[in-house]
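Trainee:
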Amino acid sequence: EARAAVPQAAGVVAGDLASLAGTRELAEAAAAAGPFDVVIHNAGVGGGAAWRSVTEDKLERIFQTNVLAPYLLTALMPRPRRLVYLTSGLEAEGTADLGDLQYERRPWDGMRAYSDSKLLDVVLAFAVARRWPGTLSNAVDPGWIRTRMGGPNATGALPEGAETQVWLATSEDPAARVTGRYFKRRQELRANPAAYDHGVQDGLLAACAELTGVELPAG
Numbered sequence: 107e108a109r110a111a112v113p114q115a116a117g118v119v120a121g122d123l124a125s126l127a128g129t130r131e132l133a134e135a136a137a138a139a140g141p142f143d144v145v146i147h148n149a150g151v152g153g154g155a156a157w158r159s160v161t162e163d164k165l166e167r168i169f170q171t172n173v174l175a176p177y178l179l180t181a182l183m184p185r186p187r188r189l190v191y192l193t194s195g196l197e198a199e200g201t202a203d204l205g206d207l208q209y210e211r212r213p214w215d216g217m218r219a220y221s222d223s224k225l226l227d228v229v230l231a232f233a234v235a236r237r238w239p240g241t242l243s244n245a246v247d248p249g250w251i252r253t254r255m256g257g258p259n260a261t262g263a264l265p266e267g268a269e270t271q272v273w274l275a276t277s278e279d280p281a282a283r284v285t286g287r288y289f290k291r292r293q294e295l296r297a298n299p300a301a302y303d304h305g306v307q308d309g310l311l312a313a314c315a316e317l318t319g320v321e322l323p324a325g
């Protein structure tokens, strides 16, 4: 399906982001197909689940798919010149509870878990920007887009949802050649204050390293 949609693509790799082993295999396959100038971390799952579910790794599904998977891919793939992490405007309502990243103690709330994961994606983007000064690492809120996940009532068309990350990935515009920033519709915005906290950034990297057994390489 992907190859049919983009026939000029050099290749297609696929993997299960809700599996640590599957994500490692995906990183290996992608590394073999690379290196890449840009990596855009776009895949994820939505919120709203009525109950907390865990993966084969005994990890909470939203956190593993939306946060651990892009962390692991970032850590294992050859370092690109630019990285873009997709977030959501709901990151503003998220909390970076480093003591309970997987809702093991807090009452389950599917939308809050999703909002938290999207905040943590911004934290990850900013943490990578600090760790790897030679790589441009930014976060993008694509808006509410009419996709299978966004649904038919979403306000944005598909091209709008892709525009900013393509700009960050390819443009030589000085406004796009920045790092550790948060964008929507090519405009730099302020993210949730927690995303700028170096202690939160370092804490998330440490938690992800412990859960995956893989540390993010130093700059």
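Residue numbers for the sequence shown follow our numbering, so the first one is 107 and each next one is one higher.
Quick reminder that beta carbons are idealized off the backbone N, C-alpha and C, glycines included.
It should be emphasised that the depicted structure is a prediction, and the values quoted were computed from it without experimental measurement.
1) Can you give the Cα-Cα distance for Gln208 and Ser223, rounded to whole angstroms?
2) Less than 8 Å between the beta carbons of Gln307 and Val246, yes or no?
3) For the alpha helix (DSSP H) that Tyr209 lies in, which residues bound it at each end?
4) Write down every uninterrupted run of the beta strand (DSSP E) in the stretch 214-239 whose length is 3 residues or greater and which is fully enclosed by it, in chain order.
5) So, at 6 Å on beta carbons, what are the nonlocal neighbours of Trp238 in its own chain, with the 5 sequence-adjacent residues on each side left out?
6) Bridge partners of Val160, per DSSP?
7) Any chance the stretch 120-132 sits against the stretch 163-183, with 3 or more Cβ pairs inside 8 Å?
8) Our contact map puts Gly286 next to Ala235 with C-beta atoms below 8 Å; I'd like the distance itself, whole angstroms only.
9) Say whether the stretch 286-301 touches the stretch 147-154, bearing in mind that this needs 3 or more beta-carbon pairs closer than 8 Å, one atom from each stretch.
10) With respect to the alpha helix (DSSP H) encompassing Val306, which residues constitute its N-terminal and C-terminal limits?
11) Leaving aside the five residues before and after Pro141 along the sequence, list all residues of the same chain whose C-beta is less than 8 Å from its C-beta, in chain order.
12) Which value, in whole angstroms, describes the spacing of the CA atoms of Ala231 and Trp157?
13) Tell me which residue opens and which closes the beta strand (DSSP E) that Phe109 is part of.
14) Would the beta-carbon of Thr241 fall within 8 Å of that of Arg188?
15) Quick check on Gly200: buried or exposed, where buried means 16 or more other Cβ atoms within 10 Å of its Cβ?
16) According to DSSP, Phe289 sits in a beta bridge with which residue or residues?
17) How big is the Cα-Cα spacing for Ser194 and Asp227?
18) Just to confirm my understanding: we take Ala312, look at its own chain, exclude 5 residues before and 5 after, and list those with CB closer than 6 Å. What are they?
19) Let me check understanding here. Comparing Cα to Cα, which of Gly128, Leu204 and Ala115 lies closest to Glu316?
20) Excluding the 5 residues preceding and the 5 following Ala115 in the sequence, name in chain order all residues of the same chain whose CB lies nearer than 7 Å to its CB.
Mentor: Put simply:
1) Within the sequence shown, numbered from 1, the residue matching residue 208 stands at position 102. Within the sequence shown, numbered from 1, the residue matching residue 223 stands at position 117. Approximately 10 Å between the Cα atoms of the pair.
2) The residue given as residue 307 occupies position 201 in the sequence shown. The residue given as residue 246 occupies position 140 in the sequence shown. Going by C-beta atoms, Gln307 is not nearer than 8 Å to Val246.
3) The residue given as residue 209 occupies position 103 in the sequence shown. It is not in any alpha helix (DSSP H) - Tyr209 carries neither H nor E in the DSSP assignment.
4) The qualifying runs do not exist here; there are none.
5) Sequence index remark: in the sequence shown, residue 238 carries index 132 (1-based). Same-chain partners within the cutoff: Gly325.
6) Counting from 1 along the sequence shown, the entry for residue 160 is found at position 54. Paired residue(s): Glu166.
7) yes
8) Translated into positions along the sequence shown, residue 286 becomes position 180. Translated into positions along the sequence shown, residue 235 becomes position 129. About 3 Å; that satisfies the 8 Å criterion.
9) no
10) Numbered from its first residue, the sequence shown carries residue 306 at position 200. Taken as a continuous stretch (DSSP letters only), the alpha helix (DSSP H) holding Val306 covers His304 to Thr318.
11) On the sequence shown, residue 141 is found 35 positions in, with the first residue counted as 1. The residues are Pro184 and Pro186.
12) Here residue 231 refers to the residue found at position 125 when the sequence shown is read from its first residue. Here residue 157 refers to the residue found at position 51 when the sequence shown is read from its first residue. Roughly 28 Å separates the two Cα atoms.
13) Position 3 of the sequence shown holds residue 109. Checking the sequence, you will find Arg at residue 109 rather than Phe. From DSSP, Arg109 is part of no beta strand (DSSP E) but of the alpha helix (DSSP H) over Ala108 to Ala111.
14) Here residue 241 refers to the residue found at position 135 of the sequence shown. Here residue 188 refers to the residue found at position 82 of the sequence shown. It is a contact, given that the beta carbons lie within the stated cut-off.
15) If you number the sequence shown from 1, residue 200 lands on position 94. Gly200 is classed as buried because its beta carbon has at least 16 other beta carbons within 10 Å across all chains shown.
16) Within the sequence shown, residue 289 is the residue found at index 183, counting from 1. Looking at the DSSP assignment, Phe289 forms a beta bridge with Val246 and Glu294.
17) Your numbering for residue 194 matches position 88 in the sequence shown. Your numbering for residue 227 matches position 121 in the sequence shown. Roughly 9 Å between the two C-alpha positions.
18) Counting from one through the sequence shown, the residue named residue 312 turns up at place 206. None.
19) The sequence position of residue 316 within the sequence shown is 210, counting from 1. Checking every option, the nearest Cα to that of Glu316 belongs to Leu204.
20) Counting from 1 along the sequence shown, the entry for residue 115 is found at position 9. So the list reads Arg109, once near-sequence residues are dropped.
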